[in-house]
Amino acid sequence: MKRYGEHRFPGRLFVVEGIDGSGKSTQLMLLHQWLKSEGYGVVFSEWNSSMVVKDTTKRGKKKKLLTPATFCLIHATDFADRMERNIIPLLKAGAIVLCDRYIYTAFARDIARGLDPAWVRELYSFAVKPTGAFYFRVPLEVSITRLHAARSGFKFYEAGLDLGMTEDPDESFRMFQGRILEEYEKIVPEFGLNVIDATLPIETQQEQMRELVISKLERAKQLRVAP
Amino acid sequence: MKETNGVVLPAMELSDLVGKLIVIEGTDGVGRSTQIALLKEWLEQKGHAVLDTGLSRSGLVGKGIKRAKEGHTLGRITLTLFYGTDFADRLEHEIVPALRAGFVVLTDRYIYSLIARAIVRGLDPLWVRSVYAFALKPDAVFYLRIGVDELIPRVVFSRGFDYWESGMDVYTTEDMYESFRRYQTSLLEQFDKLADEYKFKVIDAAPEPRKIFEKLRAGITRVLEGESHRPALEVAPPSTVSSGPAATSGSVINILPEPSSAAPEKLRETAAGSPGPIEELKL
Numbered sequence: 027m028k029r030y031g032e033h034r035f036p037g038r039l040f041v042v043e044g045i046d047g048s049g050k051s052t053q054l055m056l057l058h059q060w061l062k063s064e065g066y067g068v069v070f071s072e073w074n075s076s077m078v079v080k081d082t083t084k085r086g087k088k089k090k091l092l093t094p095a096t097f098c099l100i101h102a103t104d105f106a107d108r109m110e111r112n113i114i115p116l117l118k119a120g121a122i123v124l125c126d127r128y129i130y131t132a133f134a135r136d137i138a139r140g141l142d143p144a145w146v147r148e149l150y151s152f153a154v155k156p157t158g159a160f161y162f163r164v165p166l167e168v169s170i171t172r173l174h175a176a177r178s179g180f181k182f183y184e185a186g187l188d189l190g191m192t193e194d195p196d197e198s199f200r201m202f203q204g205r206i207l208e209e210y211e212k213i214v215p216e217f218g219l220n221v222i223d224a225t226l227p228i229e230t231q232q233e234q235m236r237e238l239v240i241s242k243l244e245r246a247k248q249l250r251v252a253p
Numbered sequence: 023m024k025e026t027n028g029v030v031l032p033a034m035e036l037s038d039l040v041g042k043l044i045v046i047e048g049t050d051g052v053g054r055s056t057q058i059a060l061l062k063e064w065l066e067q068k069g070h071a072v073l074d075t076g077l078s079r080s081g082l083v084g085k086g087i088k089r090a091k092e093g094h095t096l097g098r099i100t101l102t103l104f105y106g107t108d109f110a111d112r113l114e115h116e117i118v119p120a121l122r123a124g125f126v127v128l129t130d131r132y133i134y135s136l137i138a139r140a141i142v143r144g145l146d147p148l149w150v151r152s153v154y155a156f157a158l159k160p161d162a163v164f165y166l167r168i169g170v171d172e173l174i175p176r177v178v179f180s181r182g183f184d185y186w187e188s189g190m191d192v193y194t195t196e197d198m199y200e201s202f203r204r205y206q207t208s209l210l211e212q213f214d215k216l217a218d219e220y221k222f223k224v225i226d227a228a229p230e231p232r233k234i235f236e237k238l239r240a241g242i243t244r245v246l247e248g249e250s251h252r253p254a255l256e257v258a259p260p261s262t263v264s265s266g267p268a269a270t271s272g273s274v275i276n277i278l279p280e281p282s283s284a285a286p287e288k289l290r291e292t293a294a295g296s297p298g299p300i301e302e303l304k305l
């Protein structure tokens, strides 16, 4: 088994990372639209997985059965399922695969929950290295303002309420996301993530993203499925 | 004090786990569950509270794994991690609380079966070991060892070949007998390596169940006596401490209450307090 191997498949893998409210999903959607319009065979790989693993994760969250360890392992299971049955076959088939969140989300989140950093990295070592990974850096206050405008209230695990830091969901979310931000800052240099300033205008961020993606698509004409 | 294989999970306090963690390992059809039922009865008669547990029995994942195996839908990395989740759930919610409460935890297989299965399926042995780095080190692992030639008739004449136990997901053959033979042979090779690495106490599982039970009972008695020494050693002068458990065991056993009158006639013939030398457990 290769460990974080550079894959030699004909496809390309691009991933976006960042805390909730960083705008990464919007940026990935815009990239998706553009790649499609350019005629590339592009697939958006969803976080959801086989029904079996998904049911277990859902049940665990609903009934609050998950500890930091089982939260970490069930998400690793889910990710492995996507990797084995979805991402790798797609890359072999020559697709451009786009992922909203990748292993770096797990690193940041699980380590923020107190798990051993080296162990979590080793756990995910079966993952292929992305062709390009983008980190949307945003100050905590900005992301929280955006989230408050868009939705009401945070979910139990999302807010890190399982850690029992405080009973106030908003306060817990803030503390938990703060820890996650710290972990992301360690991950960025370690794994060579491309940082995008997520406070810039949406168009500017997208231009930066496309510039890097284009450079990785050279010699990839075979990826085009339409003229 | 209990230790892990290198990684300690958040909020897992190891210092107060006073119970004993005893693992019965062995391949499919070797008779583990029969022995565990006998051991549980025996231990309870001796006055020990017993928790028996086994793979895929967690409240969180157990059913999910069973369903996934029915559909044969999961990849090998996914299945390994699914088992890891199940194991973590049982460790945190069953095994550790029971050890803290002073139970003898008897577990039908442990991480070793999971490691062996994953390696036979071609996964990186180092990665597989690291997945289970958070596992508690057991107080003893008894490995019921059997050769494939003795194993086959047991399986054929009891329940027949099972898809997973025959490794049908591993080999391309449609011949279940051939597949079972190859798969179990590879598993046994892995078990033999693990037995060296993790210092299993190896018990020949070919004889009748009664004989195996006697050996297990003797081995477990030793493990439990190790526990009983501790308070005595703590109050003893340093010279006694340095002489080690083997030298002091004779006198310490005598102060233990011996509830042998509660044991049924058939168990009383070998005194619970006089285990054979540990070498007897080896093949």
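Protein sequence lines, in the order shown, are assigned to chains A and B. Residue 68 in my numbering is what sits at position 42 of the first sequence, and the numbering runs on without skipping anything. Residue 296 in my numbering is what sits at position 274 of the second sequence, and the numbering runs on without skipping anything. Each residue gets a CB set at the ideal place from its N, CA and C atoms; glycine is no exception. Owing to the predicted nature of the structure, the values given are computational and were not obtained by experimental measurement.
- Residue burial is scored here from C-beta neighbours: F179(B) has fewer than 16 other C-beta atoms within 10 angstroms and is therefore classed as exposed.
- Contact residues of the segment 172-205 of chain A toward chain B are absent (C-beta to C-beta distance below 8 Å).
- Counting only residues of its own chain and dropping the five nearest sequence neighbours on each side, V170(B) has a CB closer than 8 Å to the CB of R203, Q206, T207 and L210.
- Look at the segment 39-103 of chain A and you find these whole runs of beta strand (DSSP E), each 3 residues long or longer: 68-71.
- Among the residues of chain A, those whose CB is under 7 Å from the CB of A155(B) are W145, following chain order.
- With contacts defined by Cβ atoms closer than 7 Å, S78(B) and G86(B) do not form a contacting pair.
- In summary, R139(B) is buried, with 16 or more beta-carbon neighbours lying within 10 Å of its beta-carbon over all protein chains present.
- A residue is called buried once 16 or more other Cβ atoms fall within 10 Å of its Cβ, and K181(A), having fewer, is exposed.
- Listed in chain order, the alpha helix (DSSP H) elements of length 4 or more contained wholly in the segment 142-173 of chain A are 143-149.
- Annotated as distal: V69(A) and L99(A), with beta-carbon spacing of 7 Å or more.
- Residues of chain A whose Cβ lies closer than 7 Å to the Cβ of V163(B) do not exist, since the nearest Cβ in that chain is about 22 Å away.
- Closer than 7 Å to the CB of V78(A) there is at least one CB belonging to chain B.
- Counting along the chain, G48(B) sits inside no alpha helix (DSSP H); it lies in the beta strand (DSSP E) bounded by residues K42 to G48.
- One alpha carbon belongs to P143(A), the other to Y105(B), and they sit about 21 Å apart.
- Taking a beta-carbon distance threshold of 7 Å, G65(A) does not count as an interface residue toward chain B.
- As the crow flies, the alpha-carbon of F202(A) is around 7 Å from that of A138(A).
- Residue burial annotation: S241(A) is exposed, with fewer than 16 other C-beta atoms found within 10 angstroms of its C-beta.
- Looking from the CA of S152(B), the closest CA among T157(A), V146(A), V154(A) and G179(A) belongs to V146(A).
- Excluding five sequence positions before and after L61(A), the CB atoms of its chain that fall closer than 7 Å to its own CB belong to V68 and I122, given in chain order.
- Contacts between F104(B) and chain A, judged by CB atoms closer than 9 Å, involve V78, V79, T82, L99, I100, T103, A106 and D107 in chain order.
- G76(B): not part of any alpha helix (DSSP H); member of the beta strand (DSSP E) spanning V72 to G76, first to last residue.
- Pairing L166(A) with G140(A) gives a Cβ-Cβ distance that is not under 7 Å.
- Leaving aside the five residues that flank T157(A) on each side, the residues in its chain whose CB is nearer than 8 Å to its CB run, in chain order, R38, L39, F40 and K242.
- Looking from the CA of G218(A), the closest CA among A119(A), D107(A) and Y210(A) belongs to Y210(A).
- Per the DSSP secondary-structure output, K62(B) pairs with nothing in a beta bridge.
- Put simply, the backbone Cα of L103(B) is about 33 Å away from that of A228(B).
- For D226(B), the enclosing beta strand (DSSP E) covers residues K223 to D226.
- In the structure shown, Y165(B) falls within a strand segment according to DSSP collapsed to helix, strand and coil.
- Approximately 18 Å separates the beta-carbon atoms of F235(B) and T49(B); this is outside 8 Å, ruling out the contact.
- When 9 Å is used as the limit between beta carbons, L31(B) is near these residues of chain A: T93, P94, A95, G140, L141 and D142, in chain order.
- If you draw a 10 Å sphere on the C-beta of S63(A), you find fewer than 16 other C-beta atoms in it, and that means exposed.
- DSSP places L158(B) in no alpha helix (DSSP H); its state is neither H nor E.
- Taken atom to atom, the span from the alpha-carbon of G248(B) to that of F125(B) is near 15 Å.
- Residues L31 and F156 of the same chain have their beta carbon placed closer than 8 Å to that of A110(B), with the five preceding and five following residues left out of the count.
- Not one beta carbon of chain A lies nearer than 7 Å to the beta carbon of G84(B).
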